[in-house]
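Numbering (the UniProt record's numbering), first residue to last: 1 to 505. Ideal placement from N, C-alpha and C gives every residue a C-beta, glycine not left out. Working notes, structure below.
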Ligand SMILES: [Zn+2]
């Protein structure tokens, strides 16, 4: 049975107990919960119809989710005079009701204390959100360092394959899968996506939240036990009991342990074990450092995407993985001219032609085989959104914010619709075929007469004779000089795009 303490106020006995436990635990398990972020659809102003400029207030401010619950499972080391508490109390700290300024110091001390091993499962993301939550509530800067830290995935890989050291396979198991395998405990996953900002939390939510932190300690225990057993196996003929372990550990400890500053505040009786452990923590542990760039919300949710794939702990708290997060660089409220401009990656040049057919400015790369930097440079300079099928390019969002979008559809017509819907483009029938599909250029404003068209086409483009006696309009691209006319092809194309864009609906 877990011992759960709800901490909801700074002047409560539970808060005092938490502060004591944070100082008295050599090992803590950490987890955090937040309300899932729903994808926000931007309501763009009708830029074609003109009118008012888009009010900035309509645009959502991009920010990290607010952490509403912090779970801390403590493996306490109790002295007789200490508060009466079990050896592994789990604290559920309600960040919606506890004043964060009261929590900031004890939390930061624990995060940075060399004598507290912090355990977590992919805790960096939690720390980013936690830090931002505290920063936003008067505790600026938030948290930027957790050390020493051990990721449960690293521990798991050590248990599976002790010789591998810090290097382990990239595909990671979910916390539930690790718990099942190491502890034969089944963790419920149902509530991961529940609303963690609702109060009171349901009993199920409380148990779920506590378990996520508590079992980190249990997995660590197995790790710790394995270290001792391994050490025991190395030094065979030894008497059982406490001395046995001490002897074993003496042999296991590497000479450099003298320089080890971990656990200096620990009780004497456990020093040997701690030394052995700290060696292993140093060998397998790590630290989490948040850089300034980690503290800025990005459009790319690649990291989260990666986490939720591969059967990792499915922190479905972010549902907007590769969705467009706007506003685009042409948005009038951001100094743009309101007319959408795209750059289509080489893989989707067909989409560029389709976009031009519906009158949208869609460029292609200058170079035939551009590298990511060249693509991004062009998008940035020309204030275009780079459309690509290459998810790898999303990782450059930090260079050009709101300027990369991964097209999900694979067929041209679907891609066109996807882009129209995602960027809320207004397509009218007059816009169809209003742009050079060959080079993305504009047409000269005034349609040409037949004579002008013939003159313009000389030595360059053949105009079928049969067109001359028909009263057709010609247009010429201002850039590549290509001539277009209102023939059968034109009418077919218009019909096609009226259908594709559902302009008649
Ligand atoms: Zn052209």
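Can you give me the C-alpha to C-alpha distance between residue 134 and residue 209, rounded to a whole angstrom? 20 Å
Reducing DSSP to helix, strand and coil, say where residue 325 ends up. coil
With contact counted as at least three CB pairs below 8 Å, one residue from each stretch, are the stretch 76 to 89 and the stretch 121 to 131 in contact? Touching, no, given that fewer than three Cβ pairs across the two stretches are closer than 8 Å.
Neighbourhood of residue 465 by C-beta distance below 8 Å, restricted to the same chain and skipping five residues each side: none
When the distance is taken between beta carbons, is residue 79 closer than 8 Å to residue 26? no
Can you look up residue 485 in the DSSP assignment and give me helix, strand or coil? strand
Given a cut-off of 8 Å, decide if residue 485 and residue 467 are closer than it, judged by their beta-carbon atoms. yes
CB-CB under 7 Å to residue 159, same chain, minus the five flanking residues each way: which ones, in chain order? Once the five neighbours on either side are set aside, the close Cβ partners of residue 159 are 182, 222, 223 and 226.
Thinking just about the alpha-carbon of each residue, which of 454, 218 and 229 is nearest to the one in residue 162? Here the closest residue by C-alpha is 229.
Using three-state DSSP, classify residue 439 as helix, strand or coil. The answer is coil: DSSP assigns residue 439 none of H, G, I, E or B.
Can we count residue 479 as close to ligand 1, meaning its CB is less than 7 Å from some heavy atom? yes
Suppose you measure from the CA of residue 440 to the CA of residue 331; what does that come to, to the nearest Å? 21 Å
Under the rule that 16 or more other beta-carbon atoms within 10 Å means buried, what is residue 279, buried or exposed? buried
Please report how far the alpha carbon of residue 176 lies from the alpha carbon of residue 216, in whole angstroms. 11 Å
Are the stretch 368 to 377 and the stretch 345 to 358 touching by the rule of at least three beta carbon pairs closer than 8 Å? yes
Would you call residue 105 buried or exposed, if buried means 16 or more other Cβ atoms sit within 10 Å of its Cβ? exposed
If you draw a straight line from the alpha carbon of residue 35 to that of residue 207, how long is it in whole angstroms? 17 Å
When DSSP labels each residue in this structure, what does residue 99 get in the three-state scheme? Three-state DSSP puts residue 99 in coil, outside helix and strand.
Helix, strand or coil: how does DSSP classify residue 143 here? coil
When the Cα atoms are used, what is the spatial distance from residue 60 to residue 327? Legend: pLDDT at residue 60 = 40, less than 50; position of this residue unreliable, no value from coordinates given.
Contact check, residue 290 vs residue 144 under 8 Å by CB: the rounded distance? 4 Å
Would you check if the stretch 427 to 442 and the stretch 476 to 484 touch, i.e. whether three or more CB-CB distances between them fall below 8 Å? Judged by pairs of C-beta atoms under 8 Å, the stretch 476 to 484 touches the stretch 427 to 442, as three or more such pairs exist.
Note down, in chain order, each residue of its chain lying with its Cβ closer than 6 Å to the Cβ of residue 463, except the 5 sequence neighbours on either side. 457
Could you pull out every unbroken alpha helix (DSSP H) segment of at least 4 residues lying fully inside the stretch 72 to 126, listed in chain order? As far as the stretch 72 to 126 is concerned, its whole alpha helix (DSSP H) runs of at least 4 residues are 100 to 112.
How is the alpha helix (DSSP H) around residue 153 delimited, first residue to last? 152 to 160
Since residue 436 and residue 356 should fall inside the 8 Å C-beta cutoff, what is the C-beta to C-beta distance between them, to a whole number of angstroms? The Cβ separation is near 7 Å, so the contact holds.
Keeping to the same chain, check which residues put their C-beta closer than 7 Å to that of residue 350; ignore five residues upstream and five downstream. If the five residues before and after residue 350 are omitted, its C-beta is found closer than 7 Å to the C-beta atoms of 412, all from its own chain and listed in chain order.
Can you check whether the CB of residue 155 is closer than 8 Å to the CB of residue 111? no
Buried/exposed call for residue 148, threshold 16 Cβ in 10 Å: So residue 148 counts as buried.
Assigned secondary structure, residue 425 (DSSP; H/G/I helix, E/B strand, else coil): coil
Return the residue from the list 218, 340, 339 and 362 that minimises the CA-CA distance to residue 2. Of the residues 218, 340, 339 and 362, the one whose Cα lies closest to the Cα of residue 2 is 218.
Could you tell me which residues DSSP pairs with residue 181 in its beta bridges? Paired residues: none, contrary to the question.
Taking only the alpha-carbon atoms, compute the straight-line gap between residue 323 and residue 66 and give it to the nearest angstrom. 20 Å
Measuring alpha carbon to alpha carbon, tell me which residue in 146, 178 and 138 is nearest residue 516. No answer is possible for residue 516: the residues shown for the chain start at 1 and end at 505.
Let me check you understand the geometry: is the CB of residue 441 closer than 7 Å to at least one non-hydrogen atom of ligand 1? The nearest non-hydrogen atom of ligand 1 is less than 7 Å from the C-beta of residue 441.
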